[in-house]
Each structure stands twice: as C-alpha cells, then as structure tokens.
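Chemist:
2 protein chains.
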Amino acid sequence: MKVIYTDKQAEFQFLDEMNRRAGEVNFSVSESVLGILKDVSMKGDKAVREYGEKFDGACPASFEISKDEMKKAYDAADERFRNALIHAKENITRYHEQQVQKGYELKKENGVILGQIIRGLNRVGIYVPGGTAAYPSTVLMNAIPAKIAGVEEIIMVTPPLVEKDDTGNLTCRANPDILAAACLAGVDRVFLSGGAQAVAALTYGTESFPRVDKIVGPGNIYVATAKKLLFGQVDIDMIAGPSEILILADETANPRYLAADLMSQAEHDPLSSAVLLTRSEAIAKNTLNEIELQLKGLDRKDVIRQSLENCSAIMVCSGMEEMLELADLIAPEHLELMVKDPMDYVNKIKNAGSVFCGDYSPEPLGDYLAGTNHVLPTSGTARFSSPLGVYSFVKKMSYTCYTRDALAQDKDDIITIAEKEGLGAHANSVKVRFE
Amino acid sequence: MKVIYTDKQAEFQFLDEMNRRAGEVNFSVSESVLGILKDVSMKGDKAVREYGEKFDGACPASFEISKDEMKKAYDAADERFRNALIHAKENITRYHEQQVQKGYELKKENGVILGQIIRGLNRVGIYVPGGTAAYPSTVLMNAIPAKIAGVEEIIMVTPPLVEKDDTGNLTCRANPDILAAACLAGVDRVFLSGGAQAVAALTYGTESFPRVDKIVGPGNIYVATAKKLLFGQVDIDMIAGPSEILILADETANPRYLAADLMSQAEHDPLSSAVLLTRSEAIAKNTLNEIELQLKGLDRKDVIRQSLENCSAIMVCSGMEEMLELADLIAPEHLELMVKDPMDYVNKIKNAGSVFCGDYSPEPLGDYLAGTNHVLPTSGTARFSSPLGVYSFVKKMSYTCYTRDALAQDKDDIITIAEKEGLGAHANSVKVRFE
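Chains as they are written, first to last, in UniProt numbering: chain R, 1 to 435; chain P, 1 to 435.
(1) Going straight from the alpha carbon of P/THR6 to that of P/ALA282, what length do you get?
(2) Would you identify the three-state DSSP class for P/GLU322, choosing helix, strand or coil?
(3) Using 7 angstroms as the threshold, is the C-beta distance between R/GLY232 and P/ILE215 below it?
(4) For R/ALA181, tell me which candidate among R/LEU277, R/LEU202, R/ALA76 has the shortest Cα-Cα distance.
(5) Which residues mark the beginning and the end of the alpha helix (DSSP H) in which R/PRO424 is found?
(6) Could you work out which residue in R/GLU421, R/LEU276, R/VAL430 is closest to P/GLY130 when comparing CA atoms only?
(7) So within the segment 173-219 of chain P, which uninterrupted beta strand (DSSP E) runs reach at least 3 residues, ignoring any that extend past its ends?
(8) For R/LEU246, which beta-bridge partners are listed by DSSP?
(9) According to DSSP, is P/ILE349 part of a helix, a strand, or is it coil?
(10) So the candidates are P/ASN428, P/ILE415, P/LYS67; which of them puts its Cα closest to the Cα of R/ASN83?
(11) Within 8 angstroms, do at least three Cβ pairs link the segment 197-207 of chain R to the segment 83-97 of chain R?
(12) Using only the heavy atoms of the ligand HEM, determine whether one of them is closer than 6 angstroms to the beta carbon of R/ALA260.
(13) Spatial neighbours of R/LYS348 within its chain, please: CB distance less than 6 angstroms, with the 5 preceding and 5 following residues excluded, ordered by chain position.
(14) Are the C-beta of R/ILE221 and some C-beta of chain P separated by less than 7 angstroms?
(15) Which residues in chain R have a C-beta closer than 8 angstroms to the C-beta of P/VAL430? List them in chain order.
(16) P/HIS334 CB to nearest chain R CB: under 7 angstroms?
(17) Of all the CB atoms in chain R, is at least one closer than 7 angstroms to the CB of P/PHE81?
(18) What are the residues in the segment 372-394 of chain P lying within 9 angstroms of chain R by C-beta distance?
(19) Are the C-beta of P/THR400 and some C-beta of chain R separated by less than 7 angstroms?
(20) Please classify R/GLU251: does DSSP put it in a helix, a strand, or coil?
(21) Look at the alpha carbon of R/ILE36 and the alpha carbon of R/VAL157, and state the distance between them as a whole number of angstroms.
(22) Could you tell me which whole beta strand (DSSP E) segments of length 3 or greater appear in the segment 108-164 of chain P?
(23) Which residues in chain R sit within 7 angstroms of P/ASN310, going by Cβ to Cβ distance?
(24) So what's P/TYR360 in DSSP terms, helix, strand or just coil?
(25) Listed in chain order, which residues of the segment 63-79 of chain P have Cβ atoms closer than 7 angstroms to some Cβ of chain R?
(26) Run through chain P and tell me which residues come within less than 8 angstroms of residue 440 of chain R, C-beta to C-beta.
(27) Near R/TYR104, which residues of its chain fall below 7 angstroms by C-beta distance, leaving aside the five closest residues on each side in sequence?
(28) Specify the secondary structure class of R/ALA313 as computed by DSSP and reduced to three states.
(29) Could you name the residues of the same chain whose beta carbon sits closer than 8 angstroms to that of P/PHE63, not counting the 5 residues immediately before and after it, in chain order?
(30) Whole angstroms is fine: what's the gap from residue 438 of chain P's alpha carbon to R/GLY424's?
(31) Just to confirm, are R/ALA406 and R/GLY111 a CB contact at a threshold of 7 angstroms?
(32) DSSP beta-bridge partners for R/MET397?
(33) Going by C-alpha to C-alpha distance, which of R/GLY219, R/LEU179, R/ALA327 sits closest to R/ALA314?
(34) Between R/LYS301, R/GLU11, R/THR252, R/ILE247, which has its C-alpha nearest R/PRO270's C-alpha?
(35) For the segment 398-424 of chain R, list every residue whose C-beta sits within 8 angstroms of some C-beta in chain P, in sequence order.
(36) Please state whether DSSP places R/LYS3 in a helix, a strand or coil.
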C-alpha cells in the first residue's frame with residue numbers, strides 16, 4: 001500500500017489517477033451491447049433466450065419465478081439470516097420513510113392555482129447480479145425505498161444459477177438468498193434472466209417481460225452499458241463504479257479499526273479504493289502493521305491485497321484543513337470521520353455519499369443495518385448525485401389553472417416575450433382569448 | 001392533419017409511431033461527438049477554438065463575456081421586454097421556492113443518530129442554443145431554480161452570433177436578449193461557445209472553462225449526444241425531444257382556443273406533436289376549420305403545417321375514460337384539460353409533464369409567466385421523469401453515528417448478513433471492535 005508523506009504533487013497525481021476511473025465510454029462494449037438491444041427490441045423473448053443460452057450456458061423454460069417459490073425460499077432461509085434481514089428492513093424503512101414528499105398547491109389572490117403532484121413510478125425493475133456479487137442486502141436497499149415511494153409493481157431480474165443435474169442436464173434456478181430477500185422486501189415478480197438482454201427486455205417489454213419505467217441495481221460492464229445506452233427510453237439510477245472508502249483520522253483514531261475498515265471496502269473488487277488521510281505518521285505506520293496482522297485471517301486476502309496496491313493509499317497530511325479539502329476533491333462513496341467529536345465535522349463535508357462518525361460506526365454497518373441506503377454515488381459522482389432513496393422512485397407533475405381576469409392581467413407580458421422569441425403562434429394562443 | 005374516428009387500431013398505430021421518436025441511439029453522430037470529446041479532454045481550449053471555427057465560422061478571441069457586458073445588455077433591453085422578464089422571474093421564483101427541501105435527523109432511543117443533508121450543487125452549466133432557438137425564457141427557467149437550490153456558481157455557454165463587420169472581418173457577439181435574461185436570472189459567468197465542444201469543456205474543464213457538476217439546457221443532436229455520452233462524468237438533465245401538446249376536450253371546449261393551442265406547440269419544430277382527443281365530431285371539424293382560419297395570420301405557418309402533418313392528429317374517442325387512458329399512454333409534455341370542471345381531472349392524469357386547466361390556461365402561459373417550469377419531460381418520458389426544479393440542482397448525503405452499545409446490539413445481525421454474502425472483511429470490521 002502506497003504511503004504519501006505531505007507531498008502535494010504526489011497527492012494530486014494520485015487523485016488524478018482515481019478520477020480517470022470515472023464513467024469512460026467503452027466503444028467496443030457499446031457496439032456489442034447495441035446489437036443485443038436491437039435484437040431484443042425486434043425479437044423479444046426469442047432473443048432474450050438466445051443470449052441467455054450463449055452467456056449463462058442455459059436459459060429456464062419459463063423466465064418467471066412464481067410467488068410460491070419466493071415464499072418457499074423465504075420460509076426455508078436460515079432463521080438467524082432471516083431475522084437479520086427483518087431487522088435490516090425495519091431500520092431501512094424507518095430511515096427512508098422520512099424521505100416521503102408531498103406535492104403543494106399555491107392559491108393566489110387573483111384566483112390563480114398552481115401546484116405540483118408527486119407520484120410513485122408505475123413499474124420499476126431491479127437488476128440483481130448473479131455469482132459472487134449476488135447480495136440480498138442490495139435487494140432490500142433497492143426495493144424498500146421503491147415500495148415506500150408507492151411504486152405499483154416491482155420487478156426483479158437476476159441471472160440463473162446454472163447447474164448439472166444427476167442425468168447431466170443443465171438446470172436453472174434462482175439464488176435462494178436473493179429470493180428470500182425479494183419476498184421480504186415486497187418484490188412483486190421475479191424473472192430469471194441477466195445481462196444486457198434482461199435490461200433490454202425490461203425497457204422494451206417482451207411476451208414474458210413487462211415494460212418498466214426505471215431500472216436500478218448494479219451489474220457488470222454489459223449491464224451498465226445497456227443502462228447507459230437506454231437512458232432516455234427508460235430511467236436508470238447511476239452507473240456504479242468500484243466501491244470506495246475514505247477515512248479521515250486524527251491522533252485519537254484506533255489503527256486496528258482503521259485497518260479493518262479500509263479492508264472491508266478493499267475486499268469488494270481488485271479495483272476498489274481504500275484511502276486513509278491522517279496527520280499522524282504513527283497512525284499511518286500502525287495502520288499498515290495492523291493490515292498485515294488482520295489480513296492473514298481474511299478469506300478474500302488476495303482481492304484485498306490487489307485493491308490496496310491498485311487504487312489505495314495512506315496520505316500523511318498537514319492537518320484537518322488539508323484532509324477536508326482532499327475529501328471534497330475525492331468525493332468518496334463512503335467517508336469515515338475517525339476523529340474526536342466527529343459530528344462537528346459532518347457539516348463541513350461537501351462531497352460524499354455517506355458519512356460514518358466515530359469508532360462505533362464502521363462502514364459495513366451502513367451496508368446492512370443502520371438504515372441509510374448502501375446504493376451510493378461512486379467515482380467522484382458524489383459531487384452531483386445522491387444516495388438511492390424514496391425520491392429516486394417518484395415523478396412530479398405541475399398544473400396551472402388561471403381565470404379570465406388573471407390571464408387578462410398577464411397577457412401583455414406573455415405576448416411580449418413570445419414575440420421577442422419569434423413565436424407568433426404562442427402569442428396568438430393568448431390573443432384569441434380576448435378578441 | 002390526420003383525424004382518427006374511434007378506431008382503436010389506428011390510435012395504437014399512431015401511438016406506436018410517436019413512441020419510436022424517443023431516445024434512439026445514433027451511432028454515427030456518437031462517433032463524431034466522441035472524437036470532439038477526446039480532443040477537448042486532451043487539448044483543452046485549443047480544441048474548443050478549432051471546433052468553434054469549424055462549426056460556427058469563427059471563435060471569439062476570449063471566450064468569456066464580462067459581467068459589464070451582461071449588465072449593459074440588460075440596461076439596453078427594451079423596457080417592455082425587461083419588465084415582462086421581471087414579472088416572469090417573480091412568478092417562477094414564487095412557484096419554485098416551494099420546492100426547497102431540508103434534510104432530516106433521526107435520534108433513536110439508544111443514542112443512534114442518522115441523518116440526511118441536502119445541499120445545492122457547487123457549479124452548474126447552462127447550455128443555451130444560438131440561432132432561432134435562443135430563448136431568454138429558457139435562461140430564466142434553468143437559472144432560477146438553480147439559484148434557489150443554492151448553487152454557488154452558474155455558468156452559461158452559448159454559441160456566438162458571427163457577423164461580418166464593415167471591413168469584411170468576422171466578429172463574434174452574444175445574443176443580447178440571452179445576455180439580458182442571464183443578468184436578471186443571476187448567471188455568474190457567460191462563455192461564447194456552443195456545440196459538443198462547449199459541453200466537453202464544461203465537463204473536463206479547460207484553461208478558460210471551469211469544470212461544472214451538472215449541465216442543463218436544450219441543444220441540437222450534437223449537444224444532446226455529448227450530454228448523453230458524458231453522463232456519469234457530469235450530471236445532466238433529460239435529453240429533450242421535440243415539443244408536444246395533448247388536449248383533452250369535451251363539448252364545452254371552444255374550437256378557436258383548441259386550434260390556437262395546438263398550433264402554439266406545432267410552431268416549434270417540424271417534428272413537434274399536437275394531438276387533440278375529443279368525443280365530439282363537431283369539435284373535431286370546427287377545430288380543423290379554425291386551424292385553417294388562424295394559420296393564415298401566423299409567421300411560422302410552414303413549420304406548423306409540417307408538424308401538423310407529421311406527428312399530429314385529432315382522435316375522436318368514445319368518452320372521457322378512453323381519453324384519460326390514451327393520455328397516460330402518450331405521457332405528453334404538455335396536457336390541456338379543456339373540459340367542464342377541469343380541476344376534477346388533474347388527479348386522474350398519471351403521466352404528464354405539466355397540466356393546463358380550462359379556457360384561460362393556454363400552454364404558452366406556462367412557457368413564460370405562470371411560474372411553473374417549462375423544461376419538461378418529452379417523448380413519453382413523463383412516465384418516469386419530472387419538470388426541472390429546485391430538486392434538480394441539489395445532492396443529498398447521509399450520515400450515521402452509533403454508540404458502542406448500539407453497535408453491540410446490532411453486531412450479530414451485521415456479521416450474519418456479511419458472512420452470508422461472503423464478505424469476511426465486512427464482518428471483521430465489526431468484530432475487531434469487540435475483541
């Protein structure tokens with residue numbers, strides 16, 4: 001792991017490398033994804049099936065998993081796990097219910113009524129990856145806010161687990177943990193399909209797949225590219241990059257916790273980023289030692305080592321001011337304040353997805369249980385985007401009702417601007433009402 | 001203009017044609033835009049200048065317009081026009097101030113604190129097209145909500161008006177009406193540059209152009225494609241399609257007003273769409289007659305004729321129920337309720353950008369003066385997106401602060417889920433705190 005000692009130039013070079021990871025366009029992936037999208041838009045289920053067989057090795061006879069199967073998976077889940085999910089659901093619900101927003105209506109003295117109505121989206125699709133990145137917690141984090149927003153129907157798609165049965169035939173089934181979480185979170189329908197073809201099926205609708213209004217959830221580069229290309233025909237959440245943690249630590253921080261928390265993000269992916277800013281050389285050294293000590297006991301030590309080498313660093317800074325400045329430049333997904341009186345600094349952080357304060361708020365607490373959302377802006381996009389929330393699943397509509405007198409008062413100004421903009425028919429629509 | 005008489009099949013065929021207009025990917029445009037983006041990211045101002053000279057014919061010596069020039073344009077503006085803009089600004093401000101949202105904090109019994117902070121974006125770019133689509137009203141509609149949201153710096157880019165001076169040299173200047181509106185709306189800096197190169201300059205930052213967090217505003221296919229390709233490195237508003245109006249009219253509607261309002265949208269662009277749904281054949285016929293009568297007096301009659309032929313129709317429906325159903329399928333940008341007691345129906349409209357109620361709320365009222373935003377979802381995207389608003393210019397950040405006791409209560413559930421997901425370092429970060 002790289003250690004940078006109060007060296008502005010090295011700091012900025014590191015930041016520059018980090019920033020380059022964001023949202024680049026991959027033209028060759030775009031081209032192959034575009035082919036898949038076209039096929040699905042023209043051939044529907046048939047194309048979804050063909051690509052499923054090609055990429056997953058097999059495709060189920062019927063894409064949809066019954067409600068019964070979801071319930072069975074939930075009932076069959078290990079009780080400890082089920083209770084943990086129930087606890088998580090309670091906390092996520094309580095935090096997100098605060099985000100429910102109502103419309104408003106302005107009634108003016110002259111009889112004019114203006115207003116805004118806020119409604120849940122009609123139908124939302126949640127993409128849940130298969131393989132090692134199949135996270136039941138992500139199902140909760142996506143579905144619960146959608147449910148609270150009043151979304152009428154939540155559709156989940158997830159690639160099949162393909163296995164050989166006793167006779168050597170390939171069979172397809174859903175990950176049971178994902179199904180259990182979907183059942184608890186109130187997902188309405190589940191389809192066994194993944195990749196760009198599943199995203200296309202949800203966008204266009206096919207014989208089997210209903211068309212949705214928004215697609216959320218993480219996925220590989222093909223899924224992400226499909227979402228990006230289809231944005232406009234369907235709404236999407238952000239394109240998620242590798243996970244990140246940034247820790248700001250003063251002399252009071254415990255290097256054992258710092259090491260553990262850095263590695264908790266580093267284990268996601270060899271491209272994950274874990275950065276520690278501190279003004280104490282001792283903290284830097286002791287954290288490095290602690291990483292080596294704890295690493296031995298961790299299953300994903302190879303991934304952790306890679307991401308600590310690739311995109312991670314410890315930077316020894318001149319003081320808190322410099323640390324806050326760097327934090328805003330990095331705009332991390334997760335930020336831990338391991339300092340004395342951490343709550344005093346929350347308001348000073350401008351750009352971050354989620355902030356964790358003090359010794360007893362390790363970042364994985366937010367991944368699972370605290371109640372805040374774990375779908376957060378990555379790759380510096382916290383500059384302009386927000387955690388997933390109830391607000392991600394609503395749409396707004398404005399309305400206007402004028403009286404004759406009110407329009408008479410405003411008509412000259414409307415005509416003046418319309419004519420200045422060269423839009424005579426706009427002016428005419430007001431004029432005809434007073435001729 | 002096409003008239004469809006209670007013919008479900010013809011209705012759906014028409015809707016299908018309409019829907020195809022949405023968000024298709026144009027690969028050859030993407031390829032040339034990608035070249036421009038790469039050049040600007042590598043060569044900065046030099047590339048912006050070269051593309052400006054190539055596409056606009058000339059490029060100003062210095063991109064930035066001084067604050068003084070903005071103020072001069074404002075002072076020199078025609079008084080009637082300036083007062084109309086001031087009136088518009090007041091109404092837009094009053095409507096949008098209702099959208100200001102505060103964060104929240106939950107303090108739980110066990111000492112846990114969870115919260116959300118809402119902040120204005122740091123820096124926003126507004127793209128304002130040149131030529132005939134240079135609308136001062138659009139400057140107000142984009143800048144005022146950003147200002148209310150607390151955006152620290154608003155940057156406007158707009159292509160130069162290129163003219164020959166007396167000696168035959170090419171000179172560049174800004175559209176004075178746009179400058180006047182920018183001054184009134186509180187735009188901080190204005191740059192004379194347009195096209196994909198201006199969008200790239202705002203995304204990456206160059207020697208002259210500051211890097212922004214979000215880019216909003218309409219533009220041609222090159223501007224729209226640049227925004228779409230850069231989404232993720234910078235935030236964007238929606239990709240706007242041609243303007244649309246849908247009118248629902250019962251027997252009480254006045255065909256003169258219907259004709260005028262259909263044409264007010266049709267004049268924007270040969271691809272604009274104007275659709276009237278009514279259950280009265282008499283209303284349909286009289287509206288067609290009124291269109292012919294009024295058309296003669298309108299400057300943009302050629303554009304209007306084209307868009308009425310291309311993407312517009314009058315549909316005679318069986319009744320209000322069918323009209324509402326079709327409205328939700330079309331999900332129009334603008335919807336006029338020209339019926340008795342229009343306010344009774346507002347809540348029944350699921351998908352629309354902005355609804356205008358009754359005889360004295362013609363759609364152009366919303367374009368300029370009522371106070372609602374005129375940047376609205378087009379091409380059926382009202383299914384999932386919202387008018388531009390204060391909420392378009394903020395970002396949210398969550399925070400969590402646990403005590404030792406609170407983490408002790410939750411630790412087993414966190415470890416259970418983490419281990420189920422195969423993320424041992426996540427579990428470890430909790431365990432080390434209690435060893």
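Note that beta-carbon positions come from the ideal geometry of N, C-alpha and C, so glycine has one too. All figures in this text were calculated on a predicted structure; none of them were measured in a lab.
Modeler: On the basis of the supplied data:
(1) 14 angstroms
(2) helix
(3) no
(4) R/ALA76
(5) What sits at residue 424 of chain R in the sequence shown is Gly, not Pro. That run of the alpha helix (DSSP H) goes 424-431.
(6) R/GLU421
(7) 189-192, 214-216
(8) R/VAL275, R/LEU335
(9) coil
(10) P/ILE415
(11) no
(12) Inclusion of the ligand HEM in the displayed structure is not the case, the ligand content being empty and no account of it being possible.
(13) LEU324
(14) no
(15) PRO362, PRO364, LEU365
(16) no
(17) yes
(18) THR372, ASN373, LEU376, PRO377, SER379, GLY380, THR381, ALA382, ARG383, PHE384, SER385, SER386, PRO387, GLY389, TYR391, VAL394
(19) yes
(20) coil
(21) 17 angstroms
(22) 113-120, 123-127, 153-158, 161-164
(23) Neighbours of P/ASN310 on chain R: none; closest Cβ ~16 angstroms, over 7 angstroms.
(24) coil
(25) none
(26) With chain R represented from 1 up to 435, any question about residue 440 of chain R goes unanswered, as that position is not in the structure.
(27) GLY115, GLN116
(28) strand
(29) ASP45, VAL48, PHE191, LEU192, SER193, SER208, PHE209
(30) Nothing about residue 438 of chain P can be read from this structure; chain P reaches only from 1 to 435.
(31) yes
(32) R/ILE117
(33) In the sequence under discussion, the amino acid at residue 314 of chain R is Ile, which differs from the Ala named in the question. Of R/GLY219, R/LEU179, R/ALA327, the residue nearest in Cα terms is R/ALA327.
(34) R/LYS301
(35) SER398, TYR399, THR400, CYS401, TYR402, THR403, ARG404, ALA406, LEU407, ASP410, ASP412, ASP413, ILE414, THR416, ILE417, ALA418, LYS420, GLU421, GLY422, LEU423, GLY424
(36) Contrary to the premise, residue 3 of chain R reads as Val rather than Lys in this sequence. Reduced to three states, the DSSP call for R/VAL3 is strand.
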